[in-house]
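Asks: My structure is below; once you've seen it, I'll send some questions.
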Amino acid sequence: MAFKKITVFTTNTCAYCVMVKRYLDSKGFNYDVVNLDEQPERQSEVLAKSGALTVPVTIVEKDDSTEDVVIGYNLSRLAPLLV
14 MAFKKITVFT TNTCAYCVMV KRYLDSKGFN YDVVNLDEQP ERQSEVLAKS
64 GALTVPVTIV EKDDSTEDVV IGYNLSRLAP LLV
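So the sequence shown is numbered by this note's numbering: it starts at 14 and just counts up by one.
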């Protein structure tokens, strides 16, 4: 795989966040979850990376340490990053 780490930024009430996590689970991917309701201090981090204050935001860190950012439930953008 061409990536090192997947991080999903979520909130407690985000249905699309659940859908992203279900997709990753169904494909057998390990990922970190950052719940912004429980860790509001990390909102500035996700804003800096994505330019948006919406969830889900999925960060795919590549082997070369660059990052791809996927905003929302966007499997057409996310899936190709994970092959």
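Glycine is no exception: its CB is placed at the ideal position from the N, C-alpha and C atoms.
Source: prediction; values computed, not measured.
1. Please name the residue or residues paired with Val68 in a DSSP beta bridge.
2. Determine the DSSP secondary structure at Glu51, reduced to helix, strand or coil.
3. Straight-line CA distance for Lys40 to Leu88?
4. Using DSSP bridges, identify the partner residues of Leu82.
5. Using C-beta distances below 6 Å, list every residue in its chain close to Thr24, excluding the 5 sequence neighbours before and after it, in chain order.
6. Going straight from the alpha carbon of Ser63 to that of Thr79, what length do you get?
7. Between Thr71 and Asp81, what straight-line distance do the alpha-carbon atoms span, to the nearest angstrom?
Replies: The structure says:
1. DSSP, once it has assigned bridges, lists no residue as partnering Val68.
2. The three-state reading of DSSP puts Glu51 in coil, since its state is none of H, G, I, E or B.
3. The alpha-carbon of Lys40 is positioned some 12 Å away from that of Leu88.
4. With the sequence shown as reference, residue 82 is identified as Val, and Leu is not the correct amino acid for it. BP columns for Val82 point to Ile72.
5. Within its own chain, the residues whose Cβ lies closer than 6 Å to the Cβ of Thr24, once the five positions on either side in sequence are excluded, are Leu49, Asp50, Val68, listed in chain order.
6. Going by the C-alpha atoms only, they are around 14 Å apart.
7. Taking the straight line from one Cα to the other gives about 8 Å.
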